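Each remark here refers to the structure printed beneath this line.
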Amino acid sequence: MLILTCPCCGVTAEETEFHGGGEAHIKRHGPGSSDDEFHGYLFEKVNPKGVHFERWRHANGCGKWFHAARCTVTLEVFGTYSAQTTEPPQDIKDRISARRPGWSWREFA
Amino acid sequence: MKRYSAFAVAREALRNHMGWERAWASPEPRKKYDVIIVGAGGHGLATAYYLGKNFGITNVAVLEKGWLGGGNTGRNTTIIRSNYLQDASAAIYEKSRSLYETLSQDLNYNIMYSPRGVMMLAQTQHEVRGYERTAHANALQGVTTEFISPSRVKELVPIINLEGPRYPVLGALWQARAGTARHDAVAWGYARACSAMGMDIIQKCEVTGISREGGRVTGVSTNRGDIACDKLGIVVAGHSGHLADMGGFRLPIESVALQALVSEPIKPCMDVVVMANTVHGYMSQSDKGEMVIGGGADGYNNFTQRGSFHHIEETVRALVETFPMISRLKMLRQWGGIVDMTGDRSPILSKTPVEGVFINCGWGTGGFKAIPGSGWGFAELMAKGHSPLTAEFGLERFREGRFIDESVAAGVAH
């Protein structure tokens, strides 16, 4: 059972109050993008064994979307943060680096 | 390999059972094989078996990082059925079911196939229409199923409560020739037959890298040294993405935990498999008398093989509603397995961007029933480069928009 804190309304609750929304920080390519880019956006999800960034919705609460950083192997939650970003904020990255030394994701660690 | 038979049992009884040999050998890996299969679960072993049996390719190694059949093969609820909606799915699952019928004789190993019948309850008007449609589709595909009335449901399953407080039973999709089998025995039987053909099954051998040269596979590195091969088959279910990373390509797969539980053993009370997908739970009774219960998957990426309490609660609540007599049953064990889910809930049996590397994954919540058919088709794909059974299940179907949409059609409990 995950325990998540909604960064929108500040409520800390069990996972039954939330609904998972899949991989976060997916880049949707605009007009003129190639088939490959669109295929990647639609289907090629990352499926990491370890640190993962996800979208969650506070479905039985404030109803807002937010992001969570989580480990898929231990179910440890590193933190939650606003969905209005294109990458995890520095304090979340620092917290992950402290817990998982040598960790990296995409172009930054 | 000494054959198992009634005569063999009698012979061994007379000499204190000293003559039984190991079912399969545990050799050291050789330097090179024609074909390496990664993953000694049901699908991997079945692939190796049909490579040898149908195509005479026996210079094969099956590598397994843990122990044989210790992944989802040993964690499922052993249900075998083929009442799928789409033609491509019905073809491979029906091939599989029909191979299961004679698998014990074929392998000379009792897999305890029990064609006891599988019933999928329709508890909403939507489900009634869905299952009637499936029954019609199955008739065209040559899969024998029928839509049955509530009174027939009660006749087949006396312990069921038709007037559920939330969802009364309005009918059911019934496949009389579906059933269950002993899951471990399927892996063990295939392993024994593979070993008898001279194949090497190497346990505790984890693949750590895939070697390539000019876009073609040359071998794998493992914790027991490098092993060269001409062809590589990746059959590792939940860990497919991990292996694909080593090969430098990506898969449209996400791994989630699916869980099951069994009760204490009780006297025989239900001799069919019942799936109730609206309320989310399914149940059958094992030969030992335990009620085998399966539920939904966790709703997020997950590599913990354990599951979660609120899903148990949801499943058990649904089943108590459907079968009031189990309300005081004690649960004995609970476990989880990592299933690999594709977007259209259909498997991937395909070539990959790396020449010589083939992948068999994405069976999601329903892999056990497909083991013989999957092995049959995947072996053909690996040996000949194409197979009618697997043609529709290529990786390119996502790019081309040719989904085999079973997410709703199959009525699988997700």
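Protein sequence lines, in the order shown, are assigned to chains W and F. Residue numbers for the first sequence, in this note's numbering: 1 to 109. Residue numbers for the second sequence, in this note's numbering: 1001 to 1414. Heads up, the beta-carbon is just placed ideally off N, CA and C, and yes, glycines get one too. Note that the structure is a prediction, hence the values are computed from the model and not measured.
Per-residue contacts from residue i into chain F (C-beta, under 8 Å)
i                     : result
residue 44 of chain W : 1250, 1251 and 1252
residue 39 of chain W : 1398 and 1399
residue 5 of chain W  : Here the premise fails: no neighbours, minimum Cβ distance about 16 Å.
Rounded separation between residue i and residue j - CA only
i                       : j                       : result
residue 1295 of chain F : residue 52 of chain W   : 25 Å
residue 1395 of chain F : residue 1165 of chain F : 44 Å
residue 1278 of chain F : residue 1122 of chain F : 8 Å
residue 1340 of chain F : residue 1362 of chain F : 5 Å
residue 1411 of chain F : residue 1354 of chain F : Because the pLDDT at residue 1411 of chain F is just 47, under 50, the model does not fix this residue reliably, and the value given afterwards should be weighed accordingly. Spanning the two alpha carbons is a distance of roughly 35 Å.
residue 1021 of chain F : residue 1196 of chain F : 12 Å
residue 109 of chain W  : residue 1360 of chain F : With a pLDDT of 39 at residue 109 of chain W, under the threshold of 50, the modelled position of this residue cannot be trusted, and the question is left open.
residue 1063 of chain F : residue 1156 of chain F : 43 Å
residue 1393 of chain F : residue 1142 of chain F : 20 Å
residue 1307 of chain F : residue 1365 of chain F : 14 Å
residue 1140 of chain F : residue 1401 of chain F : 24 Å
residue 1163 of chain F : residue 1169 of chain F : 7 Å
residue 1054 of chain F : residue 1379 of chain F : 8 Å
residue 104 of chain W  : residue 1128 of chain F : 49 Å
residue 1069 of chain F : residue 29 of chain W   : 42 Å
residue 1327 of chain F : residue 1176 of chain F : 27 Å
residue 1019 of chain F : residue 1001 of chain F : 12 Å
residue 74 of chain W   : residue 1291 of chain F : 30 Å
residue 1026 of chain F : residue 1158 of chain F : 48 Å
residue 1383 of chain F : residue 1051 of chain F : 7 Å
residue 1270 of chain F : residue 1285 of chain F : 6 Å
residue 79 of chain W   : residue 1356 of chain F : 42 Å
residue 1414 of chain F : residue 1218 of chain F : Here residue 1414 of chain F scores only 42 on pLDDT, less than 50, and its place in the model should not be relied on; the value that follows carries that caveat. Whole-angstrom Cα-Cα distance: 38 Å.
residue 1337 of chain F : residue 1134 of chain F : 28 Å
residue 1321 of chain F : residue 13 of chain W   : 28 Å
residue 1259 of chain F : residue 1247 of chain F : 30 Å
residue 92 of chain W   : residue 1079 of chain F : 43 Å
residue 17 of chain W   : residue 1302 of chain F : 18 Å
residue 1216 of chain F : residue 1210 of chain F : 10 Å
residue 1409 of chain F : residue 1331 of chain F : Reliability fails at residue 1409 of chain F, whose pLDDT of 48 lies under 50, so the model's placement of it is uncertain and the value that follows must be treated cautiously. Answer to the nearest angstrom: the Cα atoms are 31 Å apart.
residue 1419 of chain F : residue 1147 of chain F : Given a span of 1001 to 1414 for chain F in the structure shown, any question on residue 1419 of chain F remains unanswerable.
Residue(s) in a DSSP beta bridge with residue i
i                       : result
residue 1214 of chain F : Paired residues: none, contrary to the question.
residue 1360 of chain F : F:1349
residue 1287 of chain F : None; residue 1287 of chain F has no bridge partner.
residue 1032 of chain F : F:1228
residue 1264 of chain F : Answer is none; residue 1264 of chain F lacks a bridge partner.
residue 12 of chain W   : W:5
residue 1334 of chain F : F:1261
residue 1271 of chain F : For residue 1271 of chain F, which the question treats as bridged, DSSP gives no partner whatsoever.
residue 1173 of chain F : F:1120 and F:1147
residue 1342 of chain F : F:1253
residue 1222 of chain F : F:1207 and F:1225
residue 1282 of chain F : F:1275 and F:1294
residue 103 of chain W  : DSSP lists no partner for residue 103 of chain W.
residue 1164 of chain F : In DSSP, residue 1164 of chain F forms no bridge with anything.
residue 1038 of chain F : F:1063 and F:1234
residue 19 of chain W   : W:57
residue 1179 of chain F : F:1080
residue 1355 of chain F : F:1216
Interface partners of residue i on chain W, CB under 7 Å
i                       : result
residue 1476 of chain F : Outside the displayed span of chain F (1001 to 1414) sits residue 1476 of chain F, for which this structure offers no information.
residue 1255 of chain F : 47
residue 1343 of chain F : 43
Proximal residues of chain W, C-beta to C-beta of residue i below 8 Å
i                       : result
residue 1280 of chain F : By Cβ distance, chain W contributes nothing, its closest Cβ being about 14 Å from residue 1280 of chain F, past 8 Å.
Under 9 Å by beta carbon: chain W residues contacting residue i
i                       : result
residue 1304 of chain F : 72, 73, 74 and 75
residue 1241 of chain F : 45, 46, 47, 48 and 49
Listed by chain order, chain F residues near residue i by CB distance under 9 Å
i                     : result
residue 19 of chain W : 1299
residue 12 of chain W : In chain order: nothing, as chain F lies at least about 17 Å away.
residue 54 of chain W : 1300 and 1301
residue 16 of chain W : 1310
residue 35 of chain W : 1399
Chain F contact residues for residue i, given Cβ-Cβ distances below 7 Å
i                     : result
residue 67 of chain W : Neighbours of residue 67 of chain W on chain F: none; closest Cβ ~13 Å, over 7 Å.
Neighbour flag for residue i against chain B, beta carbons, 9 Å
i                       : result
residue 1007 of chain F : Judged by its chain identifiers, the structure shown contains no chain B, and its protein chains are W and F.
Distance cut-off 8 Å: residue i Cβ against heavy atoms of the ligand NAP
i                       : result
residue 1162 of chain F : Absence of the ligand NAP from the depicted structure is noted, as is the absence of any ligand whatsoever, leaving it without description.
So within the region 71-99 of chain W, which uninterrupted beta strand (DSSP E) runs reach at least 3 residues, ignoring any that extend past its ends?
As far as the region 71-99 of chain W is concerned, its whole beta strand (DSSP E) runs of at least 3 residues are 77-82.
3-residue-minimum beta strand (DSSP E) runs that sit fully inside the region 1181-1212 of chain F, ordered along the chain:
Listed in chain order, the complete beta strand (DSSP E) runs (minimum 3 residues) inside the region 1181-1212 of chain F are 1200-1202.
Hey, is the region 1186-1206 of chain F in contact with the region 1011-1018 of chain F, meaning 3+ C-beta pairs nearer than 8 Å?
The region 1186-1206 of chain F vs the region 1011-1018 of chain F: no contact.
Starting from the N-terminal side, write out each stretch of the beta strand (DSSP E) that is 3 residues or longer and does not extend beyond the region 1060-1127 of chain F.
Taking 3 residues as the shortest admissible run, the region 1060-1127 of chain F contains the following complete beta strand (DSSP E) segments, listed from N- to C-terminal end: 1060-1063 and 1118-1122.
Between the region 1188-1202 of chain F and the region 1101-1111 of chain F, are three or more C-beta pairs nearer than 8 Å?
Touching, yes.
When the Cβ atoms of the region 1336-1350 of chain F are set against those of the region 1247-1256 of chain F, are three or more pairs found closer than 8 Å?
A contact is defined here as three or more CB-CB pairs under 8 Å, and the region 1336-1350 of chain F meets this definition with respect to the region 1247-1256 of chain F.
Between the region 1080-1088 of chain F and the region 1198-1209 of chain F, do at least 3 Cβ pairs fall closer than 8 Å?
Between the region 1080-1088 of chain F and the region 1198-1209 of chain F, the count of Cβ pairs shorter than 8 Å is below three; the stretches do not touch.
Can at least three beta-carbon pairs, one atom from the region 1368-1376 of chain F and one from the region 1039-1059 of chain F, be found at a separation below 8 Å?
Flag = yes, the region 1368-1376 of chain F and the region 1039-1059 of chain F touch.
Any alpha helix (DSSP H) of 4 or more consecutive residues that is wholly inside the region 31-77 of chain W:
Counting only runs of 4+ residues, the alpha helix (DSSP H) found wholly inside the region 31-77 of chain W occupies 35-42, in chain order.
Is the region 1229-1237 of chain F close to the region 1029-1039 of chain F, with three or more CB pairs under 8 Å?
With the rule of 3 Cβ pairs closer than 8 Å, the region 1229-1237 of chain F counts as touching the region 1029-1039 of chain F.
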